[in-house]
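Protein chains in written order, with the working numbering: chain E, 16 to 195; chain X, 16 to 195.
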DNA sequence: GGCCGCATGTAACGGGTTACATGATTAC
DNA sequence: GTAATCATGTAACCCGTTACATGCGGCC
């Protein structure tokens with residue numbers, strides 16, 4: 016079976032959460048889902064058109080400056096079906112850092128260490144950001160969505176923390192060997 | 016600056032490690048780099064042709080049943096330049112599991128728990144696999160490449176372990192709340 | 001003879017990124 | 001007035017996936 020296009024469901028899901036316009040969806044993804052999703056305007060607007068043609072969403076011309084949509088019953092059903100469908104396998108995520116590391120015998124150990132240190136800086140920044148987002152979520156009155164947001168955030172925190180520890184251990188390993 | 020196509024460098028790097036034919040490269044990636052990279056024949060063969068045209072690699076018609084290549088000095092220089100170039104930012108890796116979890120209020124908690132449990136099964140399998148690969152690497156005589164292979168493997172192990180712990184913690188959180 | 005694994009390749013397709021274009025409104 | 005932000009959209013391009021095609025050699 017061919018893979019499902021997930022852009023559709025990102026949009027349907029946001030629509031169900033009260034994100035009504037394409038611009039707002041993009042903004043929400045960039046700020047709230049940015050640790051595990053991204054999207055471009057070149058995806059959003061064509062997809063909104065397609066979904067409207069398929070009858071999964073409907074334009075509610077509120078006449079304002081922005082075009083707004085709502086889910087139709089069909090759209091709601093399709094979203095629910097997709098959410099419930101299990102993810103069957105672990106995707107291979109291409110990792111540029113690891114590809115370079117795999118070939119790192121072509122560079123000096125100092126250069127490798129420097130790059131891993133730099134990576135650790137980025138990871139620490141990200142961890143900071145996660146903590147701030149968490150505080151923001153916890154500050155808001157408890158919706159039934161908040162729990163799921165916190166779970167996705169916890170995923171990011173644990174992963175980032177583990178990778179930070181890997182950075183530190185790897186630098187130690189590299190410093191231990193003779194410099195090449 | 017436009018992003019660099021990394022398929023090129025995966026191929027150049029493997030060529031430098033003694034992988035000489037397209038078929039062998041694909042096989043090596045599928046078995047040894049599969050926890051952080053993948054490639055298809057539809058990428059390999061056209062890229063080999065392109066690299067040969069650009070003078071980064073050269074065909075060494077060993078006349079056998081397979082077409083083999085070697086790096087030219089230009090190719091070696093390009094590989095080295097790319098390896099040394101730092102990776103500037105953390106890529107956003109789209110994660111289907113988290114996208115569904117973010118919208119999981121549309122399903123019952125039981126269904127969510129079941130999916131996370133299933134995910135944990137896959138992670139445990141992967142952890143098993145990493146341990147086996149590690150033993151294989153350690154069994155071989157120490158090359159100067161082995162250290163880097165073990166570092167990439169350690170990355171996978173730490174990440175997978177952290178995600179497993181996340182699965183267990185998340186299931187507990189979900190079981191703690193009232194069932195919806 | 002037929003099947004399987006090795007080995008190389010091509011073409012269609014799908015999806016995401018980027019650049020570009022347009023117009024409205026707000027801020028200084 | 002002009003710069004920035006909001007807002008919607010299109011088209012070109014790049015890249016990866018998939019399906020298909022071909023031919024060879026070994027095995028049962």
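Positions of the beta carbon are idealized from the N, C-alpha and C atoms, including for glycine. Fair warning: this is a prediction, and the values are worked out from it, not measured in the lab.
message = Quick test of the definition: if touching needs 3 or more C-beta pairs under 8 Å, does the region 18-28 of chain E touch the region 80-93 of chain X?
response = no
query = At what residue ranges does the region 51-117 of chain X contain a whole run of the alpha helix (DSSP H), taking only runs of 4 or more?
reply = 56-68, 88-99 and 111-117
query = Can you find at least 3 beta carbon pairs, one from the region 172-179 of chain X and one from the region 174-188 of chain E, that sit closer than 8 Å?
reply = yes
Length of the line joining the Cα atoms of residue 123(E) and residue 188(E) = Here the question's residue 123(E) lines up with position 108 in the first chain. Here the question's residue 188(E) lines up with position 173 in the first chain. In a straight line, the C-alpha of residue 123(E) is about 14 Å away from that of residue 188(E).
ask   = Would a check of beta-carbon distances place residue 105(E) closer than 8 Å to chain X?
value = In the first chain, counting from the first residue as 1, residue 105(E) sits at position 90. With 8 Å as the cut-off, residue 105(E) counts as an interface residue toward chain X.
request  = Would you mind stating whether residue 148(E) and residue 166(E) have Cβ atoms separated by less than 8 Å?
outcome  = Within the first chain, numbered from 1, the residue matching residue 148(E) stands at position 133. Within the first chain, numbered from 1, the residue matching residue 166(E) stands at position 151. No.
query = Looking only at C-alpha atoms, which of 150(E), 50(E) and 120(E) sits nearest to residue 161(X)?
reply = Your numbering for residue 161(X) matches position 146 in the second chain. Answer by Cα proximity: 120(E).
query = Anyone know if the C-beta pair for residue 133(E) and residue 101(X) falls short of 8 Å?
reply = Here residue 133(E) is taken as the residue at index 118 of the first chain, counted from 1. Here residue 101(X) is taken as the residue at index 86 of the second chain, counted from 1. A contact, by the Cβ cut-off of 8 Å.
key: Simplified DSSP state of residue 155(X), which is helix, strand or coil   = On the second chain, position 140 is the one that residue 155(X) refers to. In the structure shown, residue 155(X) sits in coil (DSSP, three-state: anything other than H, G, I, E or B).
message = For a quick check, are the C-beta atoms of residue 94(E) and residue 31(E) less than 8 Å apart?
response = Locating residue 94(E) in the first chain gives position 79, counting from the first residue. Locating residue 31(E) in the first chain gives position 16, counting from the first residue. Cβ distance < 8 Å, so residue 94(E) and residue 31(E) count as in contact.
task = For the region 176-187 of chain E, enumerate the residues whose C-beta is nearer than 8 Å to any C-beta of chain X, in chain order.
result = 176, 177, 178, 180, 181, 184 and 185
key: Distance between residue 60(E) and residue 51(E) (C-alpha atoms, nearest Å)   = Position 36 of the first chain holds residue 51(E). Position 45 of the first chain holds residue 60(E). Roughly 21 Å between the two C-alpha positions.
query = Can you give the beta carbon distance from residue 113(E) to residue 27(E), rounded, assuming they're within the 8 Å contact cut?
reply = Residue 113(E) sits at position 98 when you count from the first residue of the first chain. Residue 27(E) sits at position 12 when you count from the first residue of the first chain. In fact, because the Cβ distance is near 34 Å, the residues do not count as touching under 8 Å.
request  = Return the chain-ordered list of same chain residues with a C-beta closer than 8 Å to the C-beta of residue 62(E), the five sequence neighbours on each side being excluded.
outcome  = As a first step, residue 62(E) must be located in the first chain, where it is residue number 47. Contacts found: 22, 23 and 26.
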